Every structure is written in C-alpha cells, then in structure tokens.
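Q: Okay, here's the structure, questions in a sec.
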Amino acid sequence: MRRAVHSTLAAPAVALAVCTAAVASAQDPSVPESIPKYDRPLVIPPAMPVTSTPVVPGVGPIDYYEIAVRSLSQQILPVGYPQTTVWSYGSVNHPGTLNYPAFTIEARFARPVRVKWINDLVDEEGAPLPHLLPVDQTLHWANPPGGVEGRDMRPSTPVVEPYLGPVPMVPHLHGGHNAQESDGYAEAWFLPAAAYSDEAFEDFAKEGRWYAPFKALFESKYGVEWEPGTATFQYENDQRAGTFWYHDHTLGMTRVNVYAGPAGFYLLRRGPGDLPAGLPGPAPTVGSDPFGTFYEIPIAIQDRSFKSDGSLFYPATRAFFDGFPQPYIPDSDVSPIWNPEFFGTTMVVNGRTWPYLEVEPRRYRFRFLNGCNSRFLILKIAGDALEERPAQPALHFVQIGGEGGFLPSPVVLDQLLLGLAERADVIVDFTGLEPGTELFLVNEAPDEPFGGGRVVEDFDPADPETTGQVMKFRVVELQGRDGSLPVDRLKLPAAPPLPPATATRRLSLNELESTMGGEGPIAALLGTMEGAEPVPLFWDDEVTEIPRLGATEIWEMSNFTADAHPIHIHEVQFQVVDRQPFGGATRAPEPWEAGYKDTVIAYPGEITRVKAKFDLPGLYVWHCHIVEHEDNEMMRPYCVGECPALE
C-alpha cells in the first residue's frame, strides 16, 4: 500500500519542479511578498467516487465510501518552489483521489451516505507518522500517551515538549443532521491501526473514551463493526439541500489537524429544499478534469504560512503570538506552544496560493467556504488588487444560500463577510465584460482578531500585498449560451419555519486571563449566566445544556470578550433571531442570515440569539470555530434528552 504520495493534480508541476531545482533554491516561501501570484489556474476538485452502492435491508440503496486520511506532497506554492507535505482524504479504492483539499462528496436527499473513515497516517514502512506541526501537550487534549486512564484530559504532570506519537483523528460532517455516533465527537478519536500493534505505543490509548460506546451503538443499529484504526459513520441526508464540509474534530488538536490539510466539501442536493433548475451549472463530477469548464464551483479559502523549505509553518511557541517570555507551564499558567489565534501570511484557494480562474461573460455559482483557523474574511470583487481600501466593488455578489440551504430570496451584496466555517452560496454575473478583463477577489478583513465594525474606520484591512488578495478572475470568450436564469427571476424554495420556542438558555462567551500578564488569554471558555454575570465553564464541567428531545429552544449567547466568535452548534440548523448590544435595543439579523445556519458570528459586547429544534437524541458539542479557541476549552458538550452514560 502506498503511503507518502504526490497529488495527481500536481503531476505536471512535479515534473517541472524537477527541471527548476536551481530556481527553487533561490525562492523563499517564508517571504510572502516574493511569492508570484496568479500564475496557475484554480483547481476545481472533482467529486469523490463511491466505493459501492449496496442495498441495505430496511434502508434501501446507500452510497458507500472508504476514505482514508494520508500524507502527500503537493505543489501548493508556485512552480519553482518546493512542494509541501500535507494531509488529506482520498478514496482507498481509487488511486489518484488523494488531494488537498479533498474531493467533494456529492450526496442526495434521503439517500444515506455511509463512510468508512480510515486513519492511515503512516510512513512508507507502515509505521505511524508523527504530527507535521507542534502539538501542545499541556492543553486538555486527546492525550494518547496518558493511556486509557489519562486519555482525553490535561496531563496531571505537565509535558511541555511537543507530542511526537501517532496522530489521533475523528472526522466531523459540519452542518450535517448527524446521529451522535456519526457526528465525530471530539472524544471518539482513533489512532492508525499500525499503532495498535506497535510495541513502542503499547501503553498509549488507541481510542478516545467515547469511541467504544459509539462503536457499539453503530453496530447495534447497522450491524457493522468498526475495525482498529477506523470508524464508520452514516449520514442520513434528511435535511434541506445545502453546502456542508467535512474536517477533523479531535479534542485539543483540531487546529493543527485541520491546518495540516484534511477537509473537503459535502454538497447535499435534491429534495424539497433544492432548486431543480435555473442555477448556473454544471458542477464537477466523478473523474472530471480539475481544470475543466464548470459554472458551479466550490471555493475553499484558507490562510497558510510556509518555511523556507516549503513546509507548513505553525507556531512552536506562545511567544510568537504576544512575545510572552518564559516561564511557561509548569512554572506559570501559560501553555508553552498554544497560540490564542494564528494568521497565515499567504492565501490558499482550493490548495494553491493565489490562483486565477478563467470565466466567461455569463453567470457563475460559487460556494465559498472560510476554511481558515482564526481569520475572518470580507470578500470583494475589485478592479485592481492593490486598490486603496475599502475597494470599490466592480461586481456584486448575489447570495442565494448559506450553511443550511437557500435564503428566502436572493440578497445583493457589495461584499461577503464570512466567519470561520461559514459558507456562502452566491451567484456572480460576469455578463457584458469584455474578454481580457481582469478582476480580483480581495479580502478586507484584518490580519488580527476581528471584532466587527467597518474597514479603515474600525480596523486596518489585510495587507493588500499578500493576505488582502485571494484570487484573480480572467474573462475569456463565451463558449455557449448561458442557460441559467437571471437572479431576479429565481424563486428560491421556502424554508419551513421552526415551532415556537419552549425554553431560552442564557449562555456566555469568556476569556481566562493569565496571572502572569501577557496580551492574550490563556484559554477561551463557554459558560452560562447568573443574573448579569457570566459563569465560565470548562469542557469537563457538568453538562448544563440538556434540551428535551424534540424541543425548540432559543440560545442567547452573551459575548464578554473583545473578539467576535463564530459559534457552531452540532446536530442542528438554526435560525438567527436577533442581536442586542449590552444595555441596548435589539436589531434584526443581517439579510444574508435569513436562512438556516449552523454557525453564527457573536460580536463582542452583544447578545446573539438563535433558535433551533433538537430532534436527535444523544451527546453533541457546541463551540467557537476559531479552532485555536475550540482546542483550549471554548467547546462544551450538550445532550438532547438524557445524557448517555459512559461505562
């Protein structure tokens, strides 16, 4: 079985890179200003091929996948620069599907998708790989070296060195209406199968503490047993069509696992919540050319930094964030490696730095994902990449959908604000533009934590030379008639309203400051409220959110921090009710928030209210999707109905 591989999408670049080794030595990707822009086309990931389509008794036909996370080398940087080692997902039955970002899982309403997820992070000899990035062992994390008794907790005796053992993984379908055993619970991680038999890891925990209970539950429901190093999840696809994505969700390691690469789109189509005709298309399919002509394109935007050798850079010390000097844990309360936020120095779109896309003078459907770790995005289409900020929009976005499906009606926008993990389903109309026209997707959100407000007035925009640019659009000749409808003729499918709420939960967003000083917090926490005061809670504190099965509730989240936090609630698609500054009047949701969502921006000094129906029983989580926050206590379990017992 091949282990370390090259992405097939990068094959031409690989060959050329061999011929330009001398040039590569003169290129330094750690200097982002020197990296050429817009010299390579956008990669458009094809659809992930299914392994089989069995008919399951009592269920009917399903789409079955076997997908492994593996290591690969890919030409993320321009040709002439070194390749970068990343991780991603690919079909074990279809060589050539391993790519960063992962191929798109195409799903259909009411047709279940079953995935056997395989942790195959091993080297060419089959031995478990260490992490690509520094893992802080002083956090509350998966902690495999703690053994069965010490897993999923902060070590009682602090270990300040980075973790170098086998990598735990557990995938999560973000936005999915998932049963608890298939949700990718943070304490249901698993190591590669090779770690189970390696004497060097004999005393390691091989699985998180919720892996075995969910394994037993899945087997009792479906008659399928999980093998070592794997977990099989089933997604029922019993929700509205929408733009979802899948990524790792391991306790205390999501920031480094996702930064290493494994993530991909999951697009749910058909059913009463979809629009059968009138939208731009086609979208990529199984086996399609990643540089082919498509009019529906998923676009994942991420920020990354690189070392001089082309490898991924991620901070190995807290000093990178705020210059905090030692001592660290155990001689203070400051973790030695964890950074409260991280902002990369380059923009990577569908696995390439600053690509271009050739577009015809017609309508396109783009599904944008903010896949960054900490960086908010404010996207505009500008006529000049270096135009003074705020740039004048050269074209509008027409947003037709969010995370949970279509909006009630199209919304015309000059810019797209995307918090971490938020998605926007938009139409951009290039009709009437002359071939040869060049436009630029720029980013005006800050190169630092976002607190809301207006660019220039309230915060400095991203560096126009680097992170303020995302990709280029090059207009080419029209190849054929545009069969899509003008946006003013689109009639989007109505979303069913939620029932009246039967309960309101008062929750809080908080930071924990160090007794040693420093600019940033030592942890970020969720919690409850007592009167007007927040009650911060840790992951291991007693579960406080236990909605009744089938109940509809309003969750109001008071943000006592200086940052905006994108809050994600697993299992549900919710509706934004309103926002209210502390002591002020309520204001309605933004027009682009009118549909169903799974992630909402909670601004500092405000109460953000959402309404959701909790109709699947079991154990789930809610958390901030700034993954550095999520990994250091800004995540809490919640239960629908009775909390399951851990035996």
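Note that the sequence shown covers residues 774 to 1420 in my numbering.
Cβ atoms here follow ideal geometry from the backbone N, Cα and C, with glycine treated the same way.
Keep in mind that this is a model prediction, so the values were computed, not measured.
Measuring CB atoms only, is the segment 826-844 touching the segment 890-900, in the sense that at least three cross pairs come out at less than 8 Å?
A: Enough Cβ pairs lie closer than 8 Å, so yes.
Q: Between which two residues does the alpha helix (DSSP H) holding A968 run?
A: A967 to S970
Q: My understanding is that D976 touches G1025, with C-beta atoms under 8 Å, so please give their C-beta distance in whole angstroms.
A: So it is not a contact: roughly 20 Å between Cβ atoms.
Q: What is the DSSP secondary structure of P944, reduced to helix, strand or coil?
A: strand
Q: Indicate whether the contact test is met: 3 or more Cβ pairs, each with one atom in the segment 1130-1138 and one in the segment 877-886, closer than 8 Å.
A: no
Q: What three-state label does DSSP hand T1027 in the structure shown?
A: Correct three-state label for T1027: helix.
Q: Does R1135 come out as helix, strand or coil in the three-state DSSP assignment?
A: Secondary structure of R1135 (DSSP, three-state): coil.
Q: Check whether the Cβ of V933 lies closer than 8 Å to any heavy atom of the ligand NAP, and answer yes or no.
A: The ligand NAP is not part of the structure shown, which contains no ligands of any sort.
Q: Should S1084 and P855 be called a contact, given that it needs their Cβ atoms to be closer than 9 Å?
A: yes
Q: Hey, could you find the ends of the beta strand (DSSP E) S844 is sitting in?
A: Bounds of the beta strand (DSSP E) holding S844 are D836 to Q847.
Q: With a threshold of 16 other CB atoms inside 10 Å of the CB of K1384, please say whether the residue is buried or exposed.
A: K1384 comes out buried.
Q: With the cut-off set at 9 Å, would you say L1048 and L1265 are in Cβ contact?
A: yes
Q: Using C-beta distances below 6 Å, list every residue in its chain close to E1009, excluding the 5 sequence neighbours before and after it, in chain order.
A: P885
Q: List the DSSP bridge partners of C1412.
A: Note: C1412 sits in a beta bridge opposite L1392.
Q: Label E1420 either buried or exposed according to how many other C-beta atoms from any shown protein chain fall within 10 Å of its C-beta, with 16 as the threshold for buried.
A: exposed
Q: With H, G and I counted as helix, E and B as strand and the rest as coil, what does DSSP make of F1203?
A: coil
Q: Give the DSSP-derived three-state secondary structure of K1384 in the structure shown.
A: strand
Q: Excluding the 5 residues flanking I1319 on each side, which residues of the same chain have their C-beta closer than 6 Å to its C-beta?
A: The answer, listed in chain order, is C1412.
Q: Would you mind reading off the limits of the alpha helix (DSSP H) that contains G758?
A: An answer regarding residue 758 cannot be provided, because it is not within the stretch 774 to 1420 covered by the chain.
Q: At what residues does the beta strand (DSSP E) containing F1213 begin and finish?
A: Its beta strand (DSSP E) spans residues E1211 to N1216.
Q: Beta carbon of E1284, beta carbon of A1297: below 9 Å?
A: yes
Q: Going by the beta-carbon positions, is the gap between M1330 and L1282 smaller than 9 Å?
A: yes
Q: Could you tell me the alpha carbon to alpha carbon distance between P1390 and M942, rounded to whole angstroms?
A: P1390 and M942 have their C-alpha atoms some 24 Å from each other.
Q: Please state whether DSSP places F1086 in a helix, a strand or coil.
A: Shown here, F1086 sits in a strand according to DSSP, grouped into three states.
Q: Closest to V1373 by C-alpha separation, out of P1354, R1091 and Q1348, would be which residue?
A: Q1348
Q: What are the start and end residues of each continuous beta strand (DSSP E) run of 3 or more residues lying completely inside the segment 997-1026, in chain order?
A: 1003-1008 and 1015-1021
Q: Going by the CB atoms, is the gap between G1037 and P818 shorter than 9 Å?
A: yes
Q: Whole angstroms are fine: how far does the CA of G1300 sit from the CA of P917?
A: 27 Å
Q: Could you tell me whether the Cβ atoms of F963 and T1003 are closer together than 9 Å?
A: yes
Q: Going by DSSP in three states, W962 sits in which element: helix, strand or coil?
A: coil
Q: Indicate the three-state DSSP secondary structure (helix, strand or coil) for V932 in the structure shown.
A: V932 falls in the coil class under three-state DSSP.
Q: The alpha helix (DSSP H) with H1338 in it runs from where to where?
A: Where H1338 is concerned, there is no enclosing alpha helix (DSSP H), although the beta strand (DSSP E) it sits in stretches over H1338 to I1342.
Q: Can you tell me whether DSSP reads E1403 as helix, strand or coil?
A: The three-state reading of DSSP puts E1403 in helix, counting H, G and I together.
Q: Measure the C-alpha to C-alpha separation of P1057 and E1286 and round it to an integer number of angstroms.
A: One C-alpha to the other measures close to 47 Å.
Q: Under the DSSP definition of a beta bridge, which residues are partnered with S861?
A: R843
Q: Can you round the beta-carbon distance between V1201 and I1154 to whole angstroms, since I take them to be within the 8 Å contact cut?
A: In this structure V1201 is in contact with I1154, their Cβ atoms being roughly 7 Å apart against a cut-off of 8 Å.
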